[in-house]
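A short worksheet on the structure shown next.
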Amino acid sequence: MREMITTNLPVFIIIAPLFVSFILPTLSKRIKLVENLVISVEILGIALAVYLVSIILAQRGMPLIYQMGGWSAPWGIELKAGSLGAFFALAIAIVGLPVALFSKGNLSVEVGAEGRTARYYTLYLLLIGALTGMALTNDLFNVYVLVEVATLSCVGLVSSQKRPQAAKAAFRYLILATIGSAFVLGGIGFIYIITGHLNMGFASQKLSDIWQNNPRVVWTAFSFMLVGFGVKSAVFPLHIWLPDAHSVAPAPASAVLSGLAVKGYLFCLLKVLYFVFGPSLMQVYSVHRILVLAGMIAIVAGSILALAQSELKRRLAFSTVAQVGYIILGFGLVNTKGLAGSLFYLLSHAVIKSALFLSAGAIVNVTGKKHIKDLAGIGKKMPVTMAAFTISSLGLVGIPLLSGFIGKWNLLLGSLETENLLPVIVIIAGSVFCAAYLFPVIRIAYFEPAPDNDLKDPGLPQKIALILLSIMIIVLGTVPGSVLELANRAAAELLAVL
Amino acid sequence: MRELIDKLIVNYPYVAALIIFVIGAMTVLTRSNVFKKLLGINIMESAIFIMFVASGNIRGGSAPILNGNNSEALFINPLPSALMLTGIVVSVSVSAFALALILRLYRSYGTTDLRRIALMGNEVADK
Amino acid sequence: MLLAIIPVVPLIGALILFLKRDNGFINIPFVTSGAALILSVFALKNVSGGTILYFKFPVNGPFVPSFRADLLSAVFIFLSAFLWLVVSLYSPGYMKHEGRGKVFEISTLFTFASVLGGFLAADLLTLLLFFELMTVSSFFWVIHKWDKEAIKAGYFYLFYSITGGLFIALGIVLKNSGTEMQTAWSIILFVAGFGIKAGMAPLHLWLPHAHSVAPTPGSALLSGLLIKVGAYGLIRVGQLAGWGTNLTMGFPWLGVALIVLGTITMLTGVLAALIQSHAKRLLAYHSISQMGYIILGLGLGLYMGGDGSLGLIGAVYHIVNHALFKVALFLGVGIIYIHTKETDLYKLGGLWRRFPLTAVLMLVAVLGITGAPGLNGYASKTILHHAVSQAAETGQPWMIWVERVFSVVGIGTAASFSKLYYLIFLGKPSNIKEKSAEVKEVKFSSGLHLAMGLLAAVMIGIGIKPELLPGTVIVPAAEKLGMENASLVLNNLFFWNMSDIISMIITLMLGMIVCWAGLKSRIFHWHPPAWITIEGLGRIAFAGISAVWQKAIKCYQTFTVFVQDTAKGLINRTVMAFQSPDKPRGAAGKVRLAGISADAAVLIMAFILLVIWYTLMHLKP
Amino acid sequence: MFNLILALFSGAAGSLTVGLIPESKNRLRKLTVLIFAVSSALFSWMLAIDVFAGENIRIACELGRLTFSLEPDPMGAVFGLIASSLWVFAAVYSFGYMEKKKNKRTYFAFLLLSLTMTLGVAFSGNLVVLYLFYELLTFSTYPLVIHERSSEAVKAGRKYILYSLIGAGAILFATVITYSWSGNLEFVGEPVFKGLLRPGLNGLLLLFIAGFGVKAAVIPLHRWLPAAMVAPTPVSALLHAVAVVYSGVFGILRVVYSVFGHEIVGQLSISNILPWIAAFTILAGIIIATRQDVLKRRLAYQTISHLSYILLGAFTLKSWGLAGAVFHMISYSTLKVALFFCAGIISEKTGETNISRMQGVGRSLPKTMFAFSAAIMGMIGMLPLNTFWGKYYLMKGSVEAGKWPLALVLIGSGIINAICFIPVIVNAFRGEREKVSVERGESSLLMLAPTLVLIIISLIIGLVPGLIWPGVEAVVKGFY
């Protein structure tokens with residue numbers, strides 16, 4: 001039994017949400033059931049992810065490989081749950097549950113009608129499943145398909161509010177994301193044309209042998225991949241869809257979009273870059289420099305843009321642009337510390353940004369106010385929400401003992417290893433900027449006189465979700481032990497080809 | 001020069017794919033009508049499909065299903081074509097979804113021109 | 001233990017005074033100073049045998065106030081206790097007119113305590129402690145009136161004293177740090193620090209201001225005693241360098257420097273005094289001039305090394321004498337002032353009719369300071385004169401000039417005091433109205449005249465037996481300091497030497513002639529242009545500096561405004577540049593190809609940039 | 001061990017407790033604040049006694065791949081003592097000051113919280129913990145700065161937090177570089193860089209100093225401090241004259257003596273410039289102060305000047321200089337707090353904040369102005385007050401280091417201090433005020449008593465510096 005679970009674990013972890021998601025539309029009248037089902041799926045997801053992580057850690061990084069339908073590698077589709085995959089699966093699981101909890105009970109307010117709730121959940125679970133698939137798949141075309149699934153569900157989530165603006169943002173997002181997909185698919189096509197393989201391992205081997213025959217095609221493939229995933233994950237100049245999309249989505253949706261969806265594409269980019277092209281090829285084409293440069297620009301620009309926003313959710317959305325910069329920067333460092341830091345930062349940002357978006361969403365839902373200056377006195381009326389917001393802001397700024405610091409610390413060490421001080425400065429400046437755009441919110445919320453109307457914290461599940469996320473921020477910051485270990489393993493795995 | 005032209009002629013499907021891709025991309029990016037954008041996307045994706053399918057093609061080859069027993073025969077690689085089926089499905093679903101969104105846009109704004117929609121901005125919003 | 005008690009006595013007095021509600025009959029300052037006087041007699045008795053008293057609080061640490069009394073300290077505390085006693089007799093009567101007597105008395109007692117402590121200090125840090133306390137408490141004298149002039153004088157006094165204190169502190173630091181160069185600097189700093197207090201030129205500027213605005217008992221004590229603390233400090237500094245040794249090794253320049261400074265001080269003081277019209281100011285400038293005598297004496301003592309005992313003895317003796325007659329002079333002027341409310345000499349005159357007793361007592365004091373034979377000033381000036389001529393005979397040639405200046409200053413002193421006495425008591429009776437009711441000055445107005453009489457008696461006593469005081473205490477004190485042949489030298493000195501007396505009388509005569517000439521020629525009314533006086537120079541310099549300063553500040557402000565504006569503009573530009581691509585539907589920046597949306601532009605640009613990047617990176621495939 | 005924990009966390013615990021007490025329960029809150037502040041001070045004393053006795057107290061744990069350790073050495077213990085003891089005074093003063101103010105709960109909660117943060121800075125055992133508490137100190141004092149909630153306060157708060165964050169960023173930068181060069185961040189024991197002389201240390205030291213210099217208000221980085229004077233007076237007194245600014249100064253002392261070690265710093269070329277930076281700040285700060293009209297701002301610029309005294313002592317790299325720095329740290333804090341307390345009493349009782357309008361205040365508030373004058377005497381460096389000794393040893397240190405012009409700078413600053421503040425005092429006693437709106441006589445005992453007690457303490461220390469000398473000696477012996 002145990003062995004059966006272990007061998008089928010990678011596919012299990014993907015299938016569970018997907019399977020449930022298809023059932024949901026049939027249950028659209030019984031919302032309570034739907035909600036509980038989703039939550040239990042998420043709990044199951046956490047259990048499986050933790051189990052997967054424990055297995056991977058126990059095996060000292062030996063990946064679990066699952067071959068779909070029993071076809072072996074070059075022909076069949078392969079799922080490979082290595083340290084990297086397990087790490088991201090864990091991230092998805094621990095963010096997924098609080099978001100699902102938060103959705104419980106009050107979603108119909110945001111989505112518009114009770115009937116739409118089930119559809120929302122369908123998309124949500126689809127997204128979770130697709131992201132988990134991205135984490136574990138080892139096949140390029142599979143990546144494309146899952147990316148498309150994720151994109152469509154994202155767009156669906158964005159458009160789930162019954163507002164004209166939602167449709168507008170969603171359409172814009174859809175168009176740009178599809179262009180991105182086209183680029184991704186083109187890139188996959190080029191790789192396939194050169195190597196004749198879609199399995200990452202095989203493609204990578206072949207590529208390292210023959211890339212010198214047609215270097216220009218490899219360039220093109222690189223460019224297509226960078227632009228494609230860049231659009232999808234909102235790397236700085238390509239981020240234009242993100243603020244609208246993230247700010248009009250319902251609170252849990254923006255949380256999961258900012259926290260996970262963007263990360264999923266980044267994760268795919270990481271896999272393509274390191275598993276397919278390989279670090280040495282990256283260095284040949286100086287892709288790592290592009291990444292560092294793009295990361296730095298994104299940090300600075302995103303932060304400045306965030307500062308210029310007056311709406312809370314838009315500010316958070318731009319903050320995501322800046323934080324994506326950190327992750328991209330870490331990808332470009334090509335050393336263990338930098339990659340581990342980047343991965344850990346990815347996880348911690350997922351947690352922190354979901355917490356931020358959830359609390360911001362709660363505030364907006366309760367008060368109906370979008371602008372930061374209207375939030376006076378919220379801290380006293382909604383203590384739990386603002387406490388979560390404060391803790392996660394501090395985490396994002398990078399106060400020691402909170403999760404953001406560890407990621408940043410490793411990123412800093414990684415950039416110092418490359419003997420380049422500029423990224424170090426930019427990373428630190430980013431923290432200062434981050435404080436600059438988040439603290440006014442906190443100040444206004446706590447230290448401005450409160451309005452007289454009767455505002456309250458959201459309901460119990462929402463509170464639990466926020467508290468859960470806050471605890472996670474603290475736990476990841478104080479005892480990151482095995483998670484950081486896993487990130488290190490994953491970084492080693494990424495660099496193994498070097 | 002001649003070599004280049006030769007190469008282009010020999011690889012005509014790729015050249016065609018490239019041209020179509022650019023046409024599609026320009027259409028998406030430069031047109032403000034939502035339908036045209038959608039069509040542009042479809043054209044772009046078609047270009048990619050062509051490229052994929054062309055990559056599997058071998059001149060003079062045939063589909064493996066036609067004479068599967070002959071191990072000497074030149075086979076066309078069927079995998080890209082199979083993959084592109086998936087791709088087309090994805091593309092269709094994107095189009096469907098986009099159409100649905102267009103419908104919503106048209107209902108709320110009364111136009112399908114994105115530029116006008118943007119100009120209308122927040123007046124329509126939050127009814 | 002005795003040593004610690006002595007400074008505490010006035011503090012207790014001050015406390016009682018502070019807590020007491022109304023003015024009782026008991027004159028607490030008087031009682032206190034009396035007690036201190038008795039204690040100081042004890043101390044004097046204890047140390048007269050040559051023993052040294054020492055006391056330190058039994059606490060550990062880098063610094064604990066410690067007290068030590070040798071004969072010199074004992075002389076000084078005795079002197080100060082005596083003067084305080086005299087002044088405390090005087091001040092109740094005087095302060096009735098001045099007002100706010102209680103504050104004055106309290107600050108007087110505090111000053112008393114700190115002066116006593118300063119004289120008893122065993123180490124330089126303790127000395128500095130009391131020095132600073134003295135500065136603060138006597139500041140209240142200077143600023144007593146709280147009018148504009150008083151405040152200005154107070155600032156002068158305080159800032160100079162603070163600077164002096166800080167110099168001394170730095171001097172202490174340098175002294176303990178070892179190397180010869182630094183020790184030399186420390187001596188310079190000590191001289192400057194104590195010199196400020198002692199009114200040494202060119203650091204004397206505070207003195208005329210402070211002494212003239214303080215209430216008269218305050219001025220008297222300032223002039224009589226407080227500046228002597230500076231002199232006392234200089235003596236102790238001389239001790240560091242070594243009295244009675246030939247300063248060839250360490251500081252051969254110290255003696256010379258003090259001689260030069262003393263001479264300049266004498267001359268400056270007396271010249272400035274001649275042209276004063278304000279009685280107290282005149283006296284204040286004379287304090288400077290007399291301090292010049294003392295500094296000169298100390299310098300001679302150091303310069304002559306083992307043979308310099310005359311200089312040292314003369315200096316100490318003159319300290320005592322100057323204290324006596326200067327206090328008397330101030331008190332006398334004070335009596336005139338409370339009755340007439342006038343200190344401008346040219347508005348007074350012919351007052352001997354109305355103030356006969358005062359006139360007599362003042363005459364004694366005036367004769368004392370001018371050095372008339374038979375009074376105390378004569379004694380010390382004679383010693384100093386001997387010292388100067390000794391130096392002129394044996395020392396370097398320029399010492400002759402010192403002797404000449406010495407004589408000139410003597411004449412100047414005589415001249416200016418003739419002027420003072422003439423203009424107040426003799427001369428044309430002025431039509432000044434007496435502001436106060438008690439016109440009947442003839443009556444012995446208790447405290448005021450008692451105080452002056454006491455002083456006059458002592459002065460006459462010393463004048464009659466000039467060798468008594470040096471013989472009993474000053475010479476042993478000097479011997480203790482290191483002047484081994486002091487008693488020998490003094491025994492050789494005969495005060496009633498005819499030539500000395502005659503030269504003194506000639507000096508007096510010349511002084512009167514100068515005074516007459518000056519008054520006639522109205523040269524005493526001359527106001528020197530600003531660039532001649534140090535004060536004026538300082539003012540000009542200050543104006544210059546402040547103009548430059550204002551200019552600099554203006555430049556700086558323009559600069560900062562410029563920087564701020566530029567920075568603000570840049571930031572605004574940046575933010576705007578960033579904002580525009582995110583406008584709902586603008587173009588990217590200003591570029592707007594026909595129909596191309598911002599999204600498109602950005603995407604295409606990104607792609608093109610990537611291609612350019614690769615091309616640049618890999619020009620050779 | 002327990003002393004350490006109790007001393008450190010009394011403040012935080014008190015903060016929580018105060019946070020739970022409703023706004024209206026004044027007495028209970030006062031009692032609570034007092035209990036926790038006193039207990040923190042008490043345990044700090046006990047801790048300090050242990051530390052001076054040579055006991056090694058260390059709490060360390062591995063969190064997030066980094067060692068977090070608390071390990072007070074004598075220098076930390078001294079800073080802890082200063083902070084926690086003065087906190088008691090400030091708390092008592094605050095009772096009086098806040099009597100009629102709003103938002104007492106927030107105020108006292110954050111006041112106690114920042115105590116913990118300050119003690120954390122003091123007791124930190126390595127750079128990471130120092131950085132952590134340094135950063136948290138900024139956040140926990142921010143609410144106190146903007147306590148007035150006026151737009152000016154908010155602006156000042158923004159300035160404060162921005163400056164502090166940028167400084168903290170520089171520190172983080174420097175910490176990372178230190179870690180990657182030496183792999184060690186612990187303070188106790190040998191300095192981190194001992195024997196690791198390498199190029200780039202100059203820049204690193206400068207980076208550290210720039211980072212901590214923000215809080216220590218070294219002159220080009222000082223602008224937040226005068227702005228932060230909009231805070232309530234006890235806060236200005238405690239935080240912006242002692243705790244917060246000292247955390248910056250303390251950080252620099254730590255960097256120079258525990259991270260680099262004075263031997264290494266002595267070999268760096270930058271060590272010749274550093275004292276002059278401090279000297280420049282000393283003079284420039286006090287000169288700017290002369291141009292301020294708002295009393296608190298003037299005091300703030302004086303703070304800037306005096307903080308650099310401590311830095312000057314540290315940068316002489318000599319034992320006397322360090323002794324002077326530590327001595328000045330102790331003695332200056334008592335007097336500066338008293339000065340601010342006086343300013344607070346004046347502004348509370350008469351409503352005047354501008355010096356030019358304080359004519360005659362001394363007549364209505366004689367005791368306050370007496371305390372003020374005494375403290376000013378100390379600031380100038382006159383003897384019966386304890387700051388003289390700081391100055392004295394600093395001069396000794398600069399002479400020992402062969403840089404005697406620095407001693408002249410100290411003297412010059414003393415004189416300018418006099419020029420800057422004596423007129424304030426004289427003005428206050430001069431003339432009669434037309435409308436002396438003093439409420440209930442001089443002032444409430446709660447405000448006056450701490451002020452006078454502080455002055456008396458300063459006097460006693462000034463007369464018998466041996467009282468605190470063992471502490472100073474222990475600090476110096478720790479590094480030499």
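Residue numbers (this note's numbering), protein chains in the order written: chain V, 1 to 498; chain G, 1 to 127; chain B, 1 to 621; chain U, 1 to 480. We put the beta carbon where it would ideally sit given N, CA and C, even for glycine. Owing to the predicted nature of the structure, the values given are computational and were not obtained by experimental measurement.
With DSSP as the reference, please indicate the residues paired to residue i in a beta bridge.
{"i": "His278 of chain B", "result": "B:Asp344"}
{"i": "Ile425 of chain U", "result": "None, per the DSSP bridge assignment."}
{"i": "Cys61 of chain U", "result": "U:Phe68"}
{"i": "His371 of chain V", "result": "V:Glu311"}
{"i": "Arg100 of chain B", "result": "Per DSSP, none; premise fails for Arg100 of chain B."}
{"i": "Ile65 of chain V", "result": "V:Lys80"}
Could one say the Cβ of residue i lies closer than 8 Å to chain V's Cβ atoms, at least one of them?
{"i": "Ala606 of chain B", "result": "yes"}
{"i": "Pro143 of chain U", "result": "yes"}
Counting contacts by CB-CB distance shorter than 8 Å, is residue i in contact with chain U?
{"i": "Thr478 of chain V", "result": "yes"}
{"i": "Pro400 of chain V", "result": "yes"}
{"i": "Pro215 of chain B", "result": "no"}
{"i": "Ile425 of chain V", "result": "yes"}
{"i": "Ala201 of chain B", "result": "no"}
Using a C-beta to C-beta distance shorter than 8 Å, which residues of chain V count as neighbours of residue i?
{"i": "Thr574 of chain B", "result": "Ile304"}
{"i": "Ser180 of chain U", "result": "Leu413, Leu416 and Glu417"}
Does residue i come within less than 8 Å of chain B when only Cβ atoms are used?
{"i": "Ser238 of chain V", "result": "Note that residue 238 of chain V is Leu in the sequence shown, not Ser. Judged by the 8 Å Cβ criterion, Leu238 of chain V is in contact with chain B."}
{"i": "Val158 of chain V", "result": "no"}
For residue i, would you say it is in contact with chain G, using Cβ-to-Cβ distances shorter than 8 Å as the test?
{"i": "Phe171 of chain V", "result": "yes"}
{"i": "Ala492 of chain V", "result": "no"}
Taking residue i as the query, report the chain U residues whose CB atoms sit under 9 Å from its CB, ordered along the chain.
{"i": "Ala241 of chain B", "result": "Going along chain U, no residue has its Cβ under 9 Å from Ala241 of chain B, so there is no contact; the nearest lies around 20 Å."}
Give the interface partners of residue i over in chain V, defined as CB-CB distance under 9 Å, in chain order.
{"i": "Leu238 of chain U", "result": "Residues of chain V passing the Cβ test: none, with the nearest at roughly 20 Å."}
List, in chain order, every chain U residue whose beta-carbon is nearer than 8 Å to that of residue i.
{"i": "Gln182 of chain B", "result": "Val399 and Trp404"}
Minimum length 3: unbroken beta strand (DSSP E) runs contained in the segment 188 to 231 of chain V: The segment 188 to 231 of chain V is shown to contain no whole beta strand (DSSP E) run of 3 or more residues.
Three or more C-beta pairs below 8 Å linking the segment 170 to 189 of chain V and the segment 229 to 242 of chain V: Yes: at least three Cβ pairs fall under 8 Å.
3-residue-minimum beta strand (DSSP E) runs that sit fully inside the segment 110 to 185 of chain V, ordered along the chain: Entirely contained in the segment 110 to 185 of chain V, not one beta strand (DSSP E) run reaches 3 residues.
Within the segment 122 to 161 of chain B, ranges of the alpha helix (DSSP H) (whole runs, at least 4 residues): Taken in chain order, the unbroken stretches of alpha helix (DSSP H) that lie wholly in the segment 122 to 161 of chain B and span 4 residues or more are 124 to 142.
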